[in-house]
Amino acid sequence: MQELLRRNPAARAWALIMPSLVFLLVFFVAPLFIVLIYSFLTRGKYGGVVWQFNPENFQRALDPLYFSTFLRSIYIAVVTTLICLVLGYPLAYWITTRPPGQRNLLMLALMIPFWTNFLIRTYAWLTLLRTNTGLINVSLMSLGVIKKPLPLFANDFAIILGLVYGWLPVMVLPIYAALERLDKSLIEAAQDLYATNRHVFLRVIWPLSLPGVVAGSMLVFIPAIGSFVTPAILGGGKSLMIGNIISNQFLAAHDWPFGSALSTLMMLVMLLGTLIYFRSALREGGGV
Amino acid sequence: MTTETLTATQERARPQPRRLALGSWLLSGYGIVGYLFLYLPIIIVVIFSFNDSRSTAKWAGFTIDWYREMLADRQIILSLWNSLFVAIVSTAISTVMGTLAAMGLERYSFRGKLAVDSILYLPIIIPDIAMAIMLLIFFNVSGIGFEPWRVQFLGNRLAVPYSVIIGHVAFNISFVAVVVRARLANMDRTLEEAAQDLYANTWQTFRRVTLPMLMPGILGGALLAFTLSLDDFVITFFTSGAGFNTLPVRVFGMIKKGVTPKINAVSTLMLLFSLALIFISILLRTRAGDEEETIQFGM
Chain C
34 MQELLRRNPA ARAWALIMPS LVFLLVFFVA PLFIVLIYSF LTRGKYGGVV WQFNPENFQR
94 ALDPLYFSTF LRSIYIAVVT TLICLVLGYP LAYWITTRPP GQRNLLMLAL MIPFWTNFLI
154 RTYAWLTLLR TNTGLINVSL MSLGVIKKPL PLFANDFAII LGLVYGWLPV MVLPIYAALE
214 RLDKSLIEAA QDLYATNRHV FLRVIWPLSL PGVVAGSMLV FIPAIGSFVT PAILGGGKSL
274 MIGNIISNQF LAAHDWPFGS ALSTLMMLVM LLGTLIYFRS ALREGGGV
Chain E
48 MTTETLTATQ ERARPQPRRL ALGSWLLSGY GIVGYLFLYL PIIIVVIFSF NDSRSTAKWA
108 GFTIDWYREM LADRQIILSL WNSLFVAIVS TAISTVMGTL AAMGLERYSF RGKLAVDSIL
168 YLPIIIPDIA MAIMLLIFFN VSGIGFEPWR VQFLGNRLAV PYSVIIGHVA FNISFVAVVV
228 RARLANMDRT LEEAAQDLYA NTWQTFRRVT LPMLMPGILG GALLAFTLSL DDFVITFFTS
288 GAGFNTLPVR VFGMIKKGVT PKINAVSTLM LLFSLALIFI SILLRTRAGD EEETIQFGM
């Protein structure tokens, strides 16, 4: 055995990787396949499953009741990603215009909220947005600005705000990294050639920052589509996303095959969204 | 009239710098508003943890009663110990496994590397709700995991389901591997070669050269795993079965029952934990003298 390890580098590599690989094969890959298989099985009478092929789970997922939630989740994830991009890009740009020492400090200050608990950050918005007892409505009403509370809570607005708040830092991070690496002499060259500010941005800065934009968008879109905590807290039990419907199948309805089918579809949507985005981003990046 | 014409001429003469100046003022203002947006909600949570009323919207004077209530709540204290225990154990396991995997993947090329890479990175990409559901079904089907590990931890009797620890290790391995691998990729290999030229064997080279140089990466990975484990709600919630709470799971239950400043007090406690961990990671990073890692740790 030792002899084999000494002679053969590949054997040495496998020996190093083996513990993680076996662990993940058992506790990640196997569960993934079980979910795929379960999504084609029949629901048991008292929870659990019956081993009988049943494609109806996917048909049921396309039922308007569930399909509309799917579409809403995609809509919320896309809007969240776009808002994060529109808010995050100038923020990243601003940080790159600061002196180097300040830059590191600002990046750190950006990541501190991100490393605090997501649940707590969502709860913070709950105390701000709640209809009759939230800080924003209570303050505005006692100041006499509004007479009736604003509809800030238990709707898509609240969920999108919570998600933007939660994921904005991971949008800024890769865009900042891309902008920071950008060769400043290219901008000067463009300006020397009488490019307007708009052209400098559109033809030089934006295309070169595209890898950061793509990475940031993925880092926001993927967790946003799989949201569970944000809609559970800020959706007020009314405004739900696909993650909540899935969890209900396991915790309340005890329909595991259907829950598995929904999970499978969610992962497919995630995968498709990623692929489409990458392709269009590559095309745009390649066109310059 | 004359002054106006003069300004107009001046503006026409050098329009570029003026607009840029205005632009940079706007940008700075925007940047500051952006940071306020990130910090104000958290600060408000902390402020109202000291509110002398049940309200989290109207200030009614200062008190530390909510902290007293929090400390008197045995459920909360127990869930805090549970959180710490799960984080420590899962960090230890995933740090060892993730570091080994990182070395295998970074230092050698072999057939099937791409497949191993994909398996290793998939847990990072997949949404936590999907991973939680996968594990929930798996533990139910296989019948393993839900039985508790009964353990004495710093004078507290805990009963921690193995499933929770397994779940945390499953998502932490990948993060440790990524961080350690980044460090390995940036490491100067000439020192290791020098050691081998001086007749150090493989073990000696690893123990005396590679490991010390790799240490900041390993500690960074461990710290990341510890933070993720302490913060995790979704995977713990779905893999714990009934009756087991970590602090985030407990807080979620409390939020579902209603908002009180007591939750603000617990939140403030958790914020302090996070801040302490961030502070430690900064110390580590400055000691390692590695600026690149700011970005890597962030990822």
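Chains as they are written, first to last, in this note's numbering: chain C, 34 to 321; chain E, 48 to 346. Even glycine gets a Cβ: it sits at the ideal position worked out from N, Cα and C.
Identify the residues that DSSP records as bridge partners of Phe91(C): which are they?
The partner list for Phe91(C) (beta bridge, DSSP) is empty, contrary to what the question assumes.
Find the residues of chain C that neighbour Val133(E), judging by a C-beta separation of less than 8 Å, and give them in chain order.
What Val133(E) touches in chain C: nothing, since even the nearest Cβ is about 15 Å away.
For a test of the three-state rule: what should DSSP assign to Phe109(E), helix, strand or coil?
strand
Name, please, each residue of chain E whose Cβ falls closer than 9 Å to the Cβ of Phe311(C).
What Phe311(C) touches in chain E: nothing, since even the nearest Cβ is about 13 Å away.
On the DSSP bridge assignment, give the partners of Phe200(E) in chain order.
Asn203(E)
Identify which residue in Ser328(E), Ile325(E), Pro308(E) and Thr249(E) has its Cα closest to the Cα of Gln35(C).
Comparing alpha-carbon positions, the option among Ser328(E), Ile325(E), Pro308(E) and Thr249(E) lying closest to Gln35(C) turns out to be Thr249(E).
Taking Cβ positions, are Gly198(C) and Ala125(C) nearer each other than 9 Å?
What sits at residue 198(C) in the sequence shown is Tyr, not Gly. No, the Cβ-Cβ distance between Tyr198(C) and Ala125(C) is not below 9 Å.
What are the partner residues of Pro208(E), as DSSP defines its beta bridges?
Pro195(E)
Helix, strand or coil: how does DSSP classify Arg154(C) here?
Note: Arg154(C) maps to helix in three-state DSSP.
Chain-ordered neighbours of Arg154(C) on chain E, where CB pairs are closer than 8 Å
Pro88 and Ile89
Buried or exposed: Arg163(C), going by 16 or more other Cβ atoms within 10 Å of its Cβ?
buried
From the DSSP output, in three-state form, read off Thr138(E) for me.
Here Thr138(E) sits in helix by DSSP.
How about Trp148(C): is its C-beta nearer than 9 Å to some C-beta of chain E?
yes
Is it the case that the Cβ atoms of Gly151(E) and Ile50(C) are separated by a distance below 9 Å?
Taking 9 Å as the Cβ cut-off, Gly151(E) and Ile50(C) qualify as a contacting pair.
Report yes if the CB atom of Ser96(E) is closer than 9 Å to the CB atom of Pro295(E), and no otherwise.
no
Identify which residue in Trp47(C), Tyr71(C) and Leu58(C) has its Cα closest to the Cα of His287(C).
Tyr71(C)
So the candidates are Asn203(E), Leu318(E), Gln243(E) and Lys105(E); which of them puts its Cα closest to the Cα of Ile145(C)?
Leu318(E)
Where does the unbroken alpha helix (DSSP H) through Gln224(C) begin, and where does it stop?
Taken as a continuous stretch (DSSP letters only), the alpha helix (DSSP H) holding Gln224(C) covers Lys217 to Asp225.
So, does the stretch 206 to 221 of chain E touch the stretch 283 to 299 of chain C, judging by three or more C-beta pairs under 8 Å?
no
Tell me which residue opens and which closes the alpha helix (DSSP H) that Met51(C) is part of.
Pro42 to Leu57
Test item: CB-CB of Pro88(E) and Leu161(C) under 9 Å:
Taking C-beta atoms as the reference points, Pro88(E) and Leu161(C) count as a pair closer than 9 Å.
Report all residues from its chain with a CB closer than 6 Å to the CB of Tyr156(C); omit the five preceding and five following residues, and keep chain order.
none
Which class does Val321(C) belong to by DSSP, given the choice of helix, strand or coil?
With a pLDDT of only 36 at Val321(C), under the threshold of 50, the placement of this residue in the model should not be trusted; the figure read from the coordinates follows. Coil, per DSSP.
Looking only at C-alpha atoms, which of Ala224(E), Tyr246(E) and Ala312(E) sits nearest to Ile140(E)?
Ala224(E)
Give me the residue from Leu74(E), Gly190(E) and Ile124(E) with the minimum Cα distance to Met286(E).
It should be noted that the sequence gives Thr, not Met, for residue 286(E). It is Gly190(E) whose Cα lies nearest to the Cα of Thr286(E).
Is the number of C-beta pairs between the stretch 250 to 259 of chain C and the stretch 228 to 239 of chain C that are closer than 8 Å three or more?
Result no; under three Cβ-Cβ pairs closer than 8 Å.
Since Tyr62(C) meets chain E, which of its residues come closer than 8 Å, beta carbon to beta carbon?
Strictly speaking, residue 62(C) in this sequence is Val, with Tyr absent from that position. Ile166, listed in chain order.
Please list, in chain order, the chain E residues whose beta carbon lies closer than 7 Å to that of Trp9(C).
Since the first residue of chain C shown is 34 and the last is 321, residue 9(C) is not available in this structure.
Leu54(C) burial status per 10 Å Cβ neighbour count (16 or more: buried):
buried
Whole angstroms is fine: what's the gap from Ile266(C)'s alpha carbon to Leu322(E)'s?
24 Å
Going by the DSSP bridge assignment, what does Arg82(C) pair with across the sheet?
Going by the sequence as given, residue 82(C) is Val instead of Arg. Val82(C) is bridged to Arg76(C).
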